[in-house]
Amino acid sequence: MTVKEMAGRLNLKPAAGLDAMENEVAGAYVCDLLSWVMAHAGKGSAWVTIQAHVNIVAVACLLDLACIIVCEGVEVDADTLEKANDEGMPVLTTTKDAYSICCGLKDLGI
Amino acid sequence: MGEMVKLEYRVSSEDFERAGDASSNTKKVLKKIGIPSDVIRRAAIVTYEAEMNLVIHSMGGEIVVEIFPDRIIVTAKDFGPGIPDVDKAMQEGYSTAPDRIREMGFGAGMGLPNMKKCSDDFSIESEVGVGTEVVMTLYI
């Protein structure tokens, strides 16, 4: 499933990286500790987090993640969005919490 | 065997805006050269963690990435303050990062263990008041 389709079905709001919405979502990973994500998140994962500062884009790009889903209405920093646009990393936002998003991802077969 | 490419990055203390640039650029270069993707992933992880350690803990330093035909050597060297207990610093979950850094998701105590795990050869030398040097080799 593409990031675009996933975003549509889970009602996630695309905030940046719109030109990479065709990325394939191979799985999902939930964590707010960046080093933990670096160690464990698999390539092509949708990363579910409440971190929204610019460094999340570096982590996601280094690991070839499919996208970043920022939960619970956390406001994403402007420089994060700018970097995500530059690097072509989709950032999606939602007011739902990580658990709800993961349930949704599971229902989608991810 | 001759050296192919050498990348050098200056990393400033507390520069969270640019943190990740050295590792991102390294990854792009490795990709362009055509290094296998599993090696790129490991190189990206060790360079990122080294870079973040310099940003979070050091008084500034540099990262040098040397790409040879058969291996990649990543060296992170800083100007202090040095690690009082290296064995402790190598333990998963041990961190001296302050709360404001932890709230950003850093300081999980996973940096050095991740770097060691992703390297084929790993060495760390540190002297309080002088600095720390970490050398990581990944075979291609």
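For the protein sequence lines, the chains are A and B, in the order given.
Using the working numbering, the first residue of the first sequence is number -18, and each one after it goes up by one.
Using the working numbering, the first residue of the second sequence is number 237, and each one after it goes up by one.
C-beta atoms are modelled at their ideal positions from N, C-alpha and C, and glycine is treated no differently.
Model, not experiment: these values are computed from the prediction.
Straight-line Cα distance separating residue j from residue i
i: B:Asp274; j: A:Ala7; result: 17 angstroms
i: A:Thr76; j: B:Phe315; result: 43 angstroms
i: A:Tyr10; j: A:Val18; result: 8 angstroms
i: B:His293; j: B:Tyr330; result: 13 angstroms
i: A:Glu5; j: A:Met(-13); result: 10 angstroms
i: B:Lys352; j: A:Cys84; result: 35 angstroms
i: B:Glu302; j: B:Asp356; result: 15 angstroms
i: B:Phe342; j: A:Leu14; result: 6 angstroms
i: A:Ala33; j: A:Val55; result: 7 angstroms
i: B:Met340; j: A:Lys87; result: 27 angstroms
Residue i: contacting residues in chain B (beta-carbon distance under 9 angstroms)
i: A:Cys83; result: In chain order: nothing, as chain B lies at least about 18 angstroms away.
Buried versus exposed, by CB contacts within 10 Å (16 or more), residue i
i: B:Arg246; result: exposed
i: B:Val366; result: exposed
i: A:Asn36; result: buried
i: B:Glu287; result: buried
i: B:Gln327; result: exposed
i: B:Arg378; result: A question about residue 378 of chain B goes unanswered here, because the residues of chain B that appear run from 237 up to 376.
i: B:Tyr284; result: buried
i: B:Ile269; result: exposed
i: A:Asn(-8); result: exposed
Partners in chain A for residue i, counting only beta-carbon separations shorter than 7 angstroms
i: B:Glu285; result: Ser16, Met19
i: B:Gly347; result: Ser16
i: B:Ala344; result: Leu14, Ser16, Trp17
Within chain B, partners of residue i - CB distance below 8 angstroms
i: A:Val11; result: Under the 8 angstroms cutoff, chain B gives no residues; its nearest Cβ is about 13 angstroms from A:Val11.
i: A:Ala39; result: Ala255, Gly256, Asp257, Ser259, Ser260, Tyr284
i: A:Asp60; result: Glu253
Delimiting residues of the beta strand (DSSP E) encompassing residue i
i: B:Ile309; result: 307 to 314
i: B:Ile360; result: 357 to 363
i: A:Lys(-6); result: -6 to -3
Proximal residues of chain A, C-beta to C-beta of residue i below 9 angstroms
i: B:Phe252; result: His34, Val35, Asn36
i: B:Met340; result: Leu15, Gln32, His34, Asn36
Partner residues on chain A for residue i, Cβ-Cβ distance less than 8 angstroms
i: B:Lys263; result: Cys42, Leu43
Limits of the unbroken alpha helix (DSSP H) element including residue i
i: B:Arg254; result: Looking at the DSSP string, B:Arg254 is not in any alpha helix (DSSP H), and its letter there is neither H nor E.
i: B:Ile337; result: 335 to 338
i: B:Tyr284; result: 273 to 293
i: A:Ile49; result: Run containing A:Ile49: none in the alpha helix (DSSP H); it sits in the beta strand (DSSP E), 48 to 51.
i: B:Met240; result: First-last for B:Met240: undefined, no H or E at that position.
Exercise for review: Kindly confirm or deny that the stretch 41 to 50 of chain A and the stretch 360 to 375 of chain B touch, where touching means at least three C-beta pairs closer than 8 angstroms.
Suggested key: no
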